[in-house]
Each structure stands twice: as structure tokens, then as C-alpha cells.
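Participant: My structure is below; once you've seen it, I'll send some questions.
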Amino acid sequence: MRNFFLALGQFIHALFIEYISRPTTRRINAWVSSLDKWARQETARALADENEAPEVTGKRMLSVIIRSVPYMRPMFIHILAVFGFGFFLSLLFLATGTISSDLWDNKMMVNDKLQPAQAVVLFVDKTYLRSEFLDEQELEEVRELGFEGNKLTIDQRKTIRNRMLMWFFAGDIFGIILAFALSYYPSWIWQNVNHYLRVAMVEKLEYLSLTFHHSNRSGDAIYRIYQDSSMVVNVLDEVVVGPFNDLRELFIAFAFVFAFDPILGIVCILSFIPMAVITAYATPIIRRLAVRNRVTNSNLTSRIQETFAALKVIKANNAESIVVDRFDVDAHKALDAALYVRFGMVALSFIVAIIGGLVIIGLEYLLLTWVLEERETNVPGWAIVFVGFMVWNLASYHSANGRVGQVIGTGRGFVRLWCMLQDLFIGLERAFYFLDVEPKVFDPEVPEQFPDNVQTVAWNDVHFEYENGAKVLHGVDLTAQAGTITAIVGVTGSGKSTLMSLLLRLYDPTSGSVTINDVDIRDFLLDDIRRNHAIAMQKNVLFTGKVTDNVAFGLPDADFDDVKRACEIACADEFITELSDGYDTNLGERGAKLSSGQRQRLTIARAIVRDTPILILDEPTASLDAKTEHRVLENLAEWSKDRVVFLITHRLSTIRNADNIAFLESGKVIESGSHDDLLSVTDGRYRRFVEAEEVGLVDSQVQ
Amino acid sequence: MVRKFIQKRQVDRTSDTTQKDHTIVSGFKAGAQFDDRIDTAPEISHVESLRIVLRGFKWLKYVKVLFATRWAMRTVMIIPGLFLGWFAKIVIDHVILQVPLVADDVNFPPHMHWLLEILEGREPLNIALILLTIYVVGLVLIGTRAGGTGAGLYGGRDAASNAENAVSGNQGGAWTGSEAGGIWGITEWWVSVRLSQRFINRLRTDLFRRLIRAPMTRIDDQAVGDSLYRTLYDTPMVFTNITETVFSPFFIFVGLGLTFYQLWWTYSEASMLIIGLMALMIPITIFTTIAPSKWIRRMTQNQRAAGAATTNTLEETMNNISAVQSLGAMKTEKERFANRSAHAFWRARIAMFPWLGVGIILEIVGWPLGFYLAWHVTNMVIEGQLTVGDFGALFGMYMGLRGSFQGLGRLWLNVQDQAAAARRVFFFMDLVVDDEEHQPGNKLGPIEAGVQLENVGFKYPNGHEALKDINLELRIGEIVAIVGPTGCGKTSLAYLLPSFLKPTSGRVLVDDHDVMQIDLESLRRQTSYIFQEHLLLSESIRSNLSLANPDATEEDMVKALESASCMEFIEELPDGIDTVLGRSGDTLSVGQQQRLSIARGLVRNAKIMVLDEPTAALDPQTENLLVRSLRSEADDRLVVVIAHRLSTIRQADKIVFLDEGEVKEVGSHEELMSHEDGPYREFVNLQSSTQPA
């Protein structure tokens, strides 16, 4: 029998799983993912420029809320705890408040004996109790002690008062501790939520291709990550919980108003119609102003950031006053936008307040006439047990007037909230915009293993053009073998650096492919590719921090010996050891304290310490004097055996060290071969190039 | 289901804002170090913070009218409050309860008397009509029964995201928007927003102006993100500071006076007791807040410094994103940001502790006062001297007044919070800027002769001696090449010419005037410096050029662009000279950026032109063109070139060979080459040996 039930149970369970649980889960999952997709699409239409006034609101608002959920998820339990705790506390305060006000007002001040529970919490004996709670014997005892009837003596009232004050003190302490916890705890929660969103945005930005970054200002990124993302902390409180509470209050207040007289209720509802119409009319305007506010403030941030980043140039050009003027223009735009968006809100709330105020005053007059003619209220008969509101009198006037005020007040509150929400959503949409940008360069679904042994690197008929339509490469074919140095030569702007950027997948070619060991690099993981390349860039970018941190940039595990050896190869060790703190010297903002030759050697060391099979040196020696250059190149030649090395340079002395020279012109490799091979081409481009290098010499000799 | 949904968009939790390796106690301690390399000793004393508060008042002179208007409007709005409160009483007593109104009989304060005379002897409904008409007029004019005016936007849970509201939303101070509604309210609100905006913008502009005129040696130590943070997020606190110290006490006192005046007519004895107890609150509060005010200062300071450090990381990463990506440092940079952001949030959070602590102490200390009042008044009630209603009225009054008096006592504490931010602003304002080291007003005429260096030495603040005893004469009409191994002081020497660096010994003379004795601006206007790093602004090419010379015509620009061989690529750009460059000019190749920088230097048309390795990224042909065009224009100017390329050096009239901060040789190429074993000759030979014959 037992087995039968067991089997039956299993059967039912299986049925349940098969026909109910699984399809439901599937459906829900499908629903959730389509919801998620939809939310992404909605926010993807985010506000890139100030002229775009967002139209559909409900949908977009919902999408933004859905998008915020993942960042709240890790804090879910805590959020629940805070809300649950808050709810519990409000119940607790309601209970203690009712009991203590009864005790304080009715019992102590007006003078009445206590209920049993009240006596217990105040630790007082039965002489304080109301007679109906005492049996015969106890009544007798109380009477003998001289505490007859339902009135307290003066001393008893003072005792109650004193003990209640003790309780108040204890409650106060408890309340303080709660207030402490309840202000710290939510801060922690919401800061974390904001933090997750920020980090997600930064992460996304770090991986977005340079094409995206070129067309966006750094200051805008700062503004979005700082200002726009911070709106996420308000989503739950202001969008979900706040309106919910308001609605509840509105509902209760309405119920009361209708109970007094339907006319009052109807007038209130009617007054909501013009409020809603005007709000609906004003919303797009406010939204547009809010977008403008954020865009102009973001522009101001960019302006300041760019100015400080280019301070030297401003100084050199004596352009301080021009820059201040430009700052002033942007600052005023931002301030005006901030004023106007708020003015929109203030003006709307002015109109709504007038409507609401007229309704309140008008109804007050109506109520007063009712009171004077002692009209009957609409309160049902059974309510007489609780309140004496059957006819209009002082109390019912007070009560009804208060409720009308509450209804209108809540209505106005909604309008205000609505306005602020417009800004909140616009902020969040701007934040999510970054997360939604489809990366132009992305990891393959099924990545190939990056080869341990790089044999060849090749560009096959590579074309490339920038977003703005500038065509840089028109069919480059180039192959480089391990153990060789390939020099890329060509006039400024011929696409040399772009060629290398494609190898690093900072961009992807418009057509054609870049391959490593004949595998398209689009099949490798981005991290793998960049981990296997080292580059010394033309712009000697250093970061604020110590020498070692700069050399081991992006390599948290590099040990000091490696760093030192790399610096020795790059001839940087010699000047580093002369710095005040050697390798621990702080370099100042972007390495500003070093000369350009020193910076250049550090960037070379940074490439070397990465110890990768592919090394790219983009104008590595432009700022070095001949002697140092010579030494650096010798060291490099020794170090770079078995590696694929690319050299972009103008210097003949450097070029001559290369095994293979590729001469780039108008986006194509038009000549390639060794130095001697290329020189032997009569009228060759490379030959002309070399001759040009010597013109300077010839010129001055002529003089 | 939820888990599935979430898994797809997993949030990075590697660093929560909880600082695991920090204790809360460590947050209270001084000496936290962030990115600051200049502003490193942020502890301030009470006296200093007082001085900071007073200092903010200076900026009020730019907003005098707005300030006075705002104050007057707010003060006027106290008056309606004196009347409107009594309206409700009239409605209840003389309309609803239909008590006949006799002006001399009823218990109203004297200022109500004129109205009572109007209402005297009227029908109840008639009285109601008059009062309600006043309400309606008041509703439109001053927002009677509609509340005040104000508009704030949401902020986040850190200082930066609340700054915008502090500027334009009048948030944070006691002076939020307008207490009135209606037309008056909107007007007053407008004035108040404009007031805070103007004040803060003026302060921002002043700070900005000083920051961009920082001496070259300090620019190296000044983090961009930090400057940004100070300009945008620290400045608003100076204004909050003023409202806290001026308006809050003023209106608290006015409010108190008026309440007291009205109380006097009802509970004269008890009101004395209440006021007395309230007054006790002030010294108690001040006493309890002495110690925490130090912590609040320190922690606000740290909170803001940590915020600035986060901004630094973010700014640096974003501005150098190509370096970050090509070095594969995305992950480490993200983690660096995450750690700093987490730390900043933690700092912002623990800065709540002293406030909460003060709140607790005040609550406990203030308790005996409330206890005594409750005890005293209930005694009177129990003994039948006062009614139950009286207790309610008195205690309600006590609670209302308590807030105001606590506010007065906490004034100093509130100020600390803002003083910490204001200090960050004023600190940078106080640093000496470039032109203050010179003699402003002592203008230099057009340079005619040239520059002379007399025994010039330069030592960096860290003790590194970059230049030693330099004697040189550079004349207008010359092309001078500064040559030498890397790190020998070439740039330092060139920096002396536009007075980017001031000699630590010896003198730099321009037309026989010591540069330290002349107006810096008049010198800089005649110099042009082209840097090794080519910093372009992300604006149009035209606007980049007009930065250097606002008076330049299109023709001048094209000429400069041609000389620097820019036109060939500019012609290919979609909008030509009006093309807007991407982030720091990144849409151009480095060589193109450099050429543009050179064009910018040329368009300045300055008497002294310094090119600091202009040719590093130029191919030889372009460079030859450039040097040739410089040659042709060099007649009435001094061109100083720092160069490695022989072809450039050879074209100079004078070559200065520098090594280890000393001038080893000066002369033309031929002269110097004739020195057997001369360092220049050795240098040239080395260069030539690696170059084709």
C-alpha cells in the first residue's frame, strides 16, 4: 500500500513537472528574456543629443526600471530587510503610540483608571485598575486601601506620569539606535547598487572600440558615470514604493470624502482632470528641458576636463582669457538649463496649486454653508457608534476639510513626483545608453586558442575607413615572419599606426582580414590578442603613479626583476636610478615630470616587460638622441630574436636595422623588401624618401 | 526563473563598497592619503574653518542686489503668517460656532485688530465670504493654502551627484526655494536660484581662472580629475556655508521672536519657562559638538578627496583609452576604478557617523529638558492649574521650538561640513599663480633685440638641478637649435623663454628687461611654444587655431596650415577647416596632430617661437618644408628649435650644445664641426655613422 502511494506520488510529480512546471518555466523564461530584450531596445533609443525629445513614456519608464533590477539584485535581501523592518516598525509605533496616548491623555491627564495590560507595562498594582477588571475580593482590598471608584489619586497620576517618562526615555534610546541603523543601512545598500552600475559602465567603456571613443568626450563619460548613474538609487524608493504609499493614502482619503458627501468627492475628482491635462501637456516640455539640463551640464564637465588636460597649450598660447570665456559660455548654458527645467516644474506646480487651492477654498465655503444650515451628512447610520458626524458640525467640518486637503495635496504631490521622475528616467536612460552601445569589436562565440608559437602575422587585402568616412587603408597586403623586424615606412597620415591598431583589434578592418598563423584574429579573444602584443606607442602615454606601476601597466603580477631588466634594455634604468626615489618615484600627472626622451624609454620598457611574441614600436626613438637610440636599438635587436617585431619610424638609422621594409602610401603597401633592395629600385618611392632625408644635409652644405 | 534572468546580466561584485581592510576607526583618523600631491595636509583648526566661512562672504559682493532682494522678499513673507494663522480661529469661533464677533472682546494679538473691526457685526456667512476672498487673492499672489515654491531633482548617495541640486535647487541649506507660493513665490524662487547660481558660478570661474594659470611646475602635480572635482563639486558648498551662517540664524531668531510675541498673549508664564529651557539647549549643543566637529571636518575632507581620486582614475582612463586598450589593461583599470569608487562610497558613508553620534548625544542630553517641562506642566495639569488642552499646546510649541534651537546650536557643526569642501576650493585659490610672481602692469613693448641669459640656473623643487650657470644670447632674426642628449635640460632651457620656469639663480633678460620685472602677459603674448606632446582640444580645427590667435583671419590660418603641411589632409576632411576633432584630436594620426599643433604655433605670429622637438613625428620631407618656411619668416623673430635630426639642426644659425644642464658649445654648424673632439662633432659623427652616406 505504501509503495502504491509512493508510486502514485511520483507519477503525479512527474506529470506536474512535465505538463505544468516545465512549460511554465519555459514560458516565463521566454517571457523574461523577451522582456529583457524589449527593455534593452527601449533604452537603446536613449538620448544621445539634446534635440531628441523622448516621446513614449510608460514603456520607457518600465524598461528603465527593468534594466535597473540586475544592479539591485545582489542587495535584494537587504532591500527586503529594510522595507520589511520599516513596515514592522510602523506597526510597532502605531501600537505603542495608541497605547501611550490613551495612557497619557485619557488616563493620566484626564484622570481615569488603567486597563490591565497598561498596569502590567507600568508595573503598578491593582489599585490602579478599573473596577470591571477586578473580582469581588480584589475590589474589597482596593476599597480598604482607600482607592475607590474609577478615578486615580494625584499621587497615582504622578506615578503613572513618572513611569511613562521612563518608558519614553527607553523608547527614545531605542528610536535613536534605530534611526542610526536605518540611515546607515540603506546608504550602504544604495551606494552598492550605484557602485555596481558605475563599474558595469566603466567596464563596458573600457571594452568599447576606439571608434566609439573618438566621437565621445571624456567629460561626457564622467558625467554619465557620476551623475546619470546615481539616479539608480532612487528607482525603488521613488518610482515603486513612494507612489504606492501615496496611492494608498489617496484611496483612503477619497473613501472618507465620499462617505461625507459624494459631491465633495466628485468635485475633487473633477479637479484632477485639468491637473492631469495640464501635466500631460507640460510633460514633454519638462522632459526636453531635463535632457537639456543633463546635456549642458555634461558639456560643462567636458569643457573643464579638456581644459585641465590641455593646460600646457593654453599657457603657451596665452589663451587663458579665451578659455575662461568658453567656460563661461558653457557654464551659463548649464545654469540656464538647470533653471529652466526647474522653472518648468515650478510653473506647472503653480498652475496645479491654483486649481487645487481654488477647489479647497470653494469646498470650504460649501462646507461652511452646510454647517450653518445644519445639513445632514452622507455618513451611514451605523457610524454613529464611533463618530458623531451625522450632521455638518465643527468636527465633521474639520474632518472633511482635512480630507479634502489631503486628496488635493496628494494629487499635487503626484504631479511633483511625476516631474522629478522625468528627470530621473532621463538620467538613467543616459546611463544605460553606454551599456547598450553595441560593441563594434567583440569576442567570437567560439574562440580559437591563441597559438603558443606565433609564426606569421599577415594583413590580407585590408581596407579600413573611419566612422567619419575617412578612408585610410585601401587593400594592404603584408606578411611578417617570426624572428624578423618589419619596418613600416611612409609619409605622415599614410595609415601606419592604423595598420597596427588593426592588429591589436582596436578596430576591425572594413574588409579583408588580419591573421596570425593564418587564423583570422577575429577568432581570438580580445584579451588573448592584447595579452600577446606589446606596443610602445607614439604618444608616450604615462599614467599617474610610480615608475614600476607605469612600466608594469596592466600587469599586476609582474615582479620587480622583470621590470628592472626591461628598463635596462630600454636604457631607462640609468635615469630611473637617478630619480629621487628610484623605481618608486611618483611621476606626476601623466608622467609630466620626465623629459620626452625619458618618457619614450619608459614606454619601450613597458612594451618589453610584457614579454610577448609580437612587439610593435610606433616611432620608438623619435625623441631619443642618436647615441641613446643606437643603444636602445641594439638591445632590442638582441632581445627580439624569435619575435615578430614591427617598427614604425621615419628615421633612416632605425629603418636600416629592419629585415623587411614596407613602404606605405595612400593606404597601400607599394614597395617592400630590404633596405638595399628598395634602394636599388630606380625612381622607387622609398629611394626618393631616403633622398629626402638627405636633402637637409645637402641644403646646409650648399649654404 | 529570476535567477535565470539575472544570470544573463550578472553584476560585477568583486568589490562591494564595504571596505574589508579598513576599520571604521581608521575612517576617523587623520592622514588618509589619496591622489593629492599638492594639497597634502588637509587638517584644519577651528580658527581656520571660521576664516574659511568668513572668506566665502567676499563673493557676495558680486550678487549684492540679488542677495538683498532675496532677503527682503523672504522677510516680507513673514507678515502673512502673522494673520493667516488666526483666520482659522475666526472661521471656527465666529462662523461655525456663530459666536458674535466683538472686536474689543476677543483674545487676538493687536495686529489683527483692523480686520476684526471690518468683520465686526457681520453675518457668519458674510464673514466666511470675506475671509475666503482673501484666501483666493492670497492663493494667486502668495500661494496661501498652497504651500511654498521649490524644485529639486533627485540626487544620488554621494557628494558629486548632489552638487547640481546644491547649485540650482537650493538644496542642502535651510534656505530652500521660497516659503511662499503663487506669483510672489515664483519670483522669489527665481531670485533665489539665480542668486546661488551666480554666486557659485562666480566662485567657479575664479577658481577655474586660477587653476589654469598655475605655474608649469605645479601643473605636473595637478590631477585633472581633482581639479574637475574641486571646480564642479566643491564650490557649491561655499554658498551653502553662507546660507547656513547668515540666513538660518536670522530667520530662526525672527521666527522665535514672532512666536514669542504671539505666545505672550496666551501663556505668558509657561512661555518664559519654555524659552528659558530652549536657551539652555544652545550651550549644551555647542559643548557636545566641539569634538565631533573636528571629525566631521576631517571625514568630509576625506570623502571629497576620495571622490576626487575616483574622478582622477576615471578621467585618466577615458582620456587615454587607446593606451589602455592597446596595452590590454582594461581589466586592471576597471578594478582600479572599482576599488576607488568603493572606497569613495565607504568614505561618504562613514562620514555619516559623527552626525549620527551627535544626533544621539543631543537627543540624550536634551532629554532632561523635555523631561523637566513634561514633568512641570503635567504637575500643573494634575493639580488643576492648567487644562489638558493647554498641555498639548505648550508641548507642541516646545517640540517646534526645540528644532530651531538645536539648529542654532548645530550651526557650527553644519558649517564644518561645508568648510571642509570650501577649504579645498580656497586652497587652490591661494596658491601663487604664474603672473603674480612677475610685475603686473609693467608691460613689455614689442621685442626688438632678443633674449639674454645671465648665469641662469634652475633647480626643481625636488632638488634636481636641471640647468647650471647658463650664459647665452639669442637674437631676433636667428634660428637657434638646442641640441644634446635626452634629459640634458633642453626643454627646461626652452621653458625659460616664455617664463614657464623662473630661473632659481641668474637672470633672463628680454630686451634688457629682467623677465621677473615685467608683466607676464605682455611677454607670453609675444611667445609661442610648440610642445612635444600635441594637445589639441576636441573642437573644430578653426577653433583650435583661434585659441592661439583670436585675431587670425582665415588667410592667416590657411597660411599657417600650409606651412605646417596640414592642408593636404585637411582638404580631405569632410568639413575642412571646420572639422570637429574627436577626443583630444584622436581622430587624426599622431603626425597630423603634431602638424596641427605646429600650425597653431605658427598662427600666433609671435616674436619668439619655440619648437620643442616638432619633428619627432614628421617624415623628413614634411620637416624640410617646415624648416624652410620657418627660415623664410625668421627675419623678424627668434626661432628656437629643440631637435635631434641633423638636417634640421644644420639649418640653424646658432647651435647650442647642452649636456647635463650646462652649455658645452655654441656656434654655427661649421664652427662647431671645426672643433676637433668637440662634443657636437662627436654627436654629429654618431648620427652620420648610422645614416647613409
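Chains as they are written, first to last, in this note's numbering: chain A, 150 to 852; chain B, 129 to 821. Glycine included, each C-beta is placed from N, C-alpha and C at the ideal position.
Please state whether the Cβ-Cβ distance between A:Leu704 and A:Arg759 is less than 8 Å.
Facilitator: The answer is yes: Cβ separation under 8 Å.
Participant: Helix, strand or coil for A:Thr302, going by three-state DSSP, please let me know.
Facilitator: coil
Participant: DSSP on B:Lys792, reduced to helix/strand/coil?
Facilitator: strand
Participant: Quick check: what's the CA-CA separation for A:Cys720 versus A:His779?
Facilitator: 10 Å
Participant: Find the residues of chain B that neighbour A:Trp339, judging by a C-beta separation of less than 7 Å, and give them in chain order.
Facilitator: Arg285
Participant: Go to B:His222, then tell me how far its alpha helix (DSSP H) extends in each direction, as first and last residue.
Facilitator: No alpha helix (DSSP H) contains B:His222, which DSSP labels as neither H nor E.
Participant: Can you name the residues that DSSP bridges to A:Phe795?
Facilitator: A:Thr635 and A:Ile765, per the DSSP bridge assignment.
Participant: Can you give the Cα-Cα distance for B:Gly806 and A:Gln604, rounded to whole angstroms?
Facilitator: 47 Å
Participant: Leaving out five residues before and five after B:Thr506 in sequence, what residues of the same chain have Cβ atoms less than 7 Å from its Cβ?
Facilitator: Phe519
Participant: DSSP puts B:Tyr657 in a beta bridge; with which residues?
Facilitator: B:Val738
Participant: Taking the beta strand (DSSP E) that A:Phe692 belongs to, which residues open and close that run?
Facilitator: Here A:Phe692 belongs to no beta strand (DSSP E), and DSSP marks it neither H nor E.
Participant: Quick one: grab the DSSP three-state call for B:Leu229.
Facilitator: For B:Leu229, the secondary structure class from DSSP, reduced to helix, strand or coil, is coil.
Participant: Of the residues B:Glu606, B:Asp706, B:Ser376 and B:Ile489, which one's Cα is nearest the Cα of A:Gly324?
Facilitator: B:Ile489
Participant: So B:Gln580 and B:Glu601 are supposed to be a Cβ contact under 8 Å. How far apart are they, rounded?
Facilitator: 5 Å
Participant: Could you confirm whether any beta carbon from chain A is found closer than 8 Å to the beta carbon of B:Lys217?
Facilitator: No, its Cβ sits nowhere closer than 8 Å to a Cβ of chain A.
Participant: Does the distance from the CB of B:Gly284 to the CB of A:Met380 come in under 8 Å?
Facilitator: yes
Participant: Check the Cβ of A:Ser744 against every Cβ in chain B and list those closer than 8 Å, keeping chain order.
Facilitator: The contacting residues are Thr614, Gly615, Lys618 and Thr619.
Participant: Quick check on the DSSP output: the alpha helix (DSSP H) that includes B:Leu501 runs from which residue to which?
Facilitator: Its alpha helix (DSSP H) spans residues Met480 to Ile510.
Participant: Quick check on A:Glu293: buried or exposed, where buried means 16 or more other Cβ atoms within 10 Å of its Cβ?
Facilitator: exposed
Participant: Taking beta-carbon pairs under 9 Å, can you tell me which members of the region 444-467 of chain A lie near chain B?
Facilitator: Asn446, Leu449, Thr450, Ser451, Ile453, Gln454, Glu455, Thr456, Phe457, Ala458, Ala459, Leu460, Lys461, Val462, Ile463, Lys464, Ala465, Asn466 and Asn467
Participant: According to DSSP, is A:Glu840 helix, strand or coil?
Facilitator: helix
Participant: In whole angstroms, what is the alpha-carbon distance linking B:Thr632 and B:Asn590?
Facilitator: 13 Å
Participant: For B:Phe838 and B:Ile166, what's the separation of their Cα atoms in angstroms?
Facilitator: Any question about residue 838 of chain B goes unanswered here, given that chain B covers just 129 to 821.
Participant: Specify, as a first and last residue, the run of the alpha helix (DSSP H) that B:Trp199 falls within.
Facilitator: Lys192 to Val204
Participant: If you compare alpha carbons, which of B:Leu766, B:Ser693 and B:Thr145 is closest to B:Leu625?
Facilitator: B:Leu766
Participant: Could you work out which residues of chain B lie near A:Gly737, taking near to mean beta carbons separated by less than 8 Å?
Facilitator: Arg165, Asp348 and Asp349
Participant: Which same chain residues end up closer than 6 Å to A:Asp722 when comparing Cβ atoms and leaving out the 5 residues on each side of it in sequence?
Facilitator: Contacts found: Cys716.
Participant: Quick one: what's B:Arg635 bridged to in DSSP?
Facilitator: Note: B:Arg635 sits in a beta bridge opposite B:Glu582.
Participant: Comparing C-alpha positions only, which one of A:Val690, A:Leu652 and A:Met350 sits nearest to B:Glu444?
Facilitator: A:Val690
Participant: Return the first residue and the last residue of the alpha helix (DSSP H) that B:Ala279 is part of.
Facilitator: That residue, B:Ala279, is in no alpha helix (DSSP H); it is neither H nor E in DSSP.
Participant: Going by the beta-carbon positions, is the gap between B:His222 and B:Ile246 smaller than 8 Å?
Facilitator: no
Participant: Which of the three DSSP states, helix, strand or coil, is assigned to A:Trp608?
Facilitator: strand
Participant: Sorted by chain position, which residues of the same chain lie with C-beta nearer than 8 Å to A:Leu573's C-beta, five sequence neighbours on each side aside?
Facilitator: Met380, Asn383, Val384, Glu387 and Val388
Participant: Which stretch, first to last residue, makes up the beta strand (DSSP E) that contains B:Lys782?
Facilitator: Lys782 to Asp787
Participant: Indicate whether A:Phe702 and B:Leu455 have their beta-carbon atoms separated by less than 8 Å.
Facilitator: yes
Participant: In this structure, how does DSSP classify A:Gln749 when only helix, strand and coil are distinguished?
Facilitator: If DSSP states are grouped into helix, strand and coil, A:Gln749 belongs with the helices.
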